[in-house]
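Peer 1: Position 59 of the sequence shown, counting from 1, maps to 44 under the working numbering, and the rest follow consecutively.
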Amino acid sequence: MELRTVNVTRYVTPLREGGSLPAIAEADDDFLYVLKFRGAGQGVKALIAELIGGELARAMGLKVPELVFANLDEAFGRTEPDEEIQDLLKASVGLNLALHYLSGAITFDPAVTTINDTLASQIVWLDCLLTNVDRTPRNTNMLMWHSELWLIDHGAALYFHHSWDNWKEQAVRPFVQVKDHVLLMSATELDAVDAKFKAIINEKLIRDIAALIPDEWLDEDAATAAGRREVYIQFLLLRLASSENFINEAKNARETRF
-14 MELRTVNVTR YVTPLREGGS LPAIAEADDD FLYVLKFRGA GQGVKALIAE LIGGELARAM
46 GLKVPELVFA NLDEAFGRTE PDEEIQDLLK ASVGLNLALH YLSGAITFDP AVTTINDTLA
106 SQIVWLDCLL TNVDRTPRNT NMLMWHSELW LIDHGAALYF HHSWDNWKEQ AVRPFVQVKD
166 HVLLMSATEL DAVDAKFKAI INEKLIRDIA ALIPDEWLDE DAATAAGRRE VYIQFLLLRL
226 ASSENFINEA KNARETRF
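Structure (structure tokens):
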């Protein structure tokens, strides 16, 4: 398992609806990407969550735009007239993360598009596993592209890593924020999805995905980087082993709301 690495050749336009000010950029493979910057508010932790969440979703058979590492040269910050963007570019020199740009995609709107119960249950289950707080009616972080549903933006997931102190306790907690999930009403097949995905997501897969995280995103010290990578692995393994906690929470929230 590996991700391609591209070099950013042109900054096209900022996506100001994103809190971390992502941008559309062109790379040396002539494709457009949505570029997530290491110098943005949540820093490399958002990139790590994006990488783990996106690749887990892909392994589960869900549609996610291709993720690539994107090298940003220091020259990019010199000619940008917008000071805020200039500062962001200067702070993001080096390795960033980008998603293939789905040209012509539109934001998923539950009032317009109906998602079947199986797919809804799969997405709710994934977001409970990842503790992804950012898939709400206000901000669905899903796109419709060529009549198919695509998942984007997992940067708000795995919020335990903003405070490493009690990650084991957080790993087995229910996910109470599931009550706000945009697809909760249709998530009627969580038990079946749990059985299916537990057969797919094993320790080897989790380790292979965690191995993709660049050491420099974890810590400059190699030993610390290895230790933090292992925490991500163990967090996901613990969460997987105690999935009944977040499944029951989701079921209860669904009964309460609907």
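Backbone N, C-alpha and C fix where the C-beta goes; we use that ideal spot for every residue, glycine too.
Note that this is a predicted model, so its numbers are computed, not measured.
(1) Using only the alpha-carbon positions, how far apart do Lys189 and Gln219 sit?
(2) State the start and end residues of the unbroken alpha helix (DSSP H) segment that holds Ala128.
(3) Can you list, in chain order, the residues of its chain with a C-beta nearer than 8 angstroms to that of Pro7? Leave out the 5 residues immediately preceding and following it.
(4) Tell me, to the nearest whole angstrom, how far the beta carbon of Pro95 is from that of Val167; I am working on the premise that it is less than 8 angstroms.
(5) Using beta carbons (cut-off 9 angstroms, strictly below), is Asp67 in contact with chain D?
(6) Could you tell me the distance, in whole angstroms, from the CA atom of Arg242 to the CA atom of Gln162?
(7) Where Leu143 and Asn151 are concerned, what is the direct C-alpha to C-alpha distance, given to the nearest angstrom?
(8) Let me confirm a value: Asp138 is counted as buried when at least 16 other C-beta atoms fall within 10 Å, else exposed. Which label applies?
(9) Let me confirm a value: Asn117 is counted as buried when at least 16 other C-beta atoms fall within 10 Å, else exposed. Which label applies?
(10) On the DSSP letters alone, give me the boundaries of the beta strand (DSSP E) that Trp202 sits inside.
(11) How big is the Cα-Cα spacing for Ile191 and Leu41?
(12) Let me know if Ser228 comes out buried or exposed under the rule of 16 or more other beta-carbons within 10 Å of its beta-carbon.
(13) For Glu59 and Ala207, what's the separation of their Cα atoms in angstroms?
(14) At the level of alpha carbons, what is the spacing between Glu252 and Phe61?
(15) Pick helix, strand or coil for Asn56, following the three-state DSSP scheme.
(16) Can the beta-carbon of Ala76 be found closer than 9 angstroms to that of Asn(-8)?
(17) Tell me which residue opens and which closes the beta strand (DSSP E) that Gly79 is part of.
(18) Mind checking whether Glu234 and Cys113 have CB atoms under 9 angstroms apart?
(19) For Arg239 and Leu175, I'd like the C-alpha separation in whole angstroms.
(20) Following the continuous beta strand (DSSP E) through Thr(-2), name the residue where it begins and the one where it ends.
(21) Give the DSSP bridge partners of Leu17, in chain order.
(22) Assign Trp135 to one of three DSSP states: helix, strand, or coil.
(23) So what's Ile91 in DSSP terms, helix, strand or just coil?
(24) Just the Cα atoms here: how many angstroms apart are Ser106 and Asn187?
(25) Would you call the CB atoms of Ala196 and Leu203 closer than 9 angstroms?
Peer 2: Let's see:
(1) 12 angstroms
(2) The residue you asked about is not Ala; residue 128 is Leu in the sequence shown. Element bounds for Leu128: not the alpha helix (DSSP H) but the beta strand (DSSP E), Met127 to Trp130.
(3) Pro(-1), Leu0, Val19, Leu20, Lys21, Phe22 and Ala25
(4) 6 angstroms
(5) This model lacks chain D altogether, as it is built from one protein chain only.
(6) 13 angstroms
(7) 13 angstroms
(8) buried
(9) buried
(10) Trp202 -> not in any beta strand (DSSP E); alpha helix (DSSP H) instead, spanning Asp200 to Leu203.
(11) 8 angstroms
(12) buried
(13) 25 angstroms
(14) The first residue shown for the chain is -14 and the last is 243, placing residue 252 beyond what the model contains.
(15) strand
(16) no
(17) Gly79 to His85
(18) yes
(19) 11 angstroms
(20) Thr(-10) to Pro(-1)
(21) Glu11
(22) strand
(23) strand
(24) 20 angstroms
(25) no
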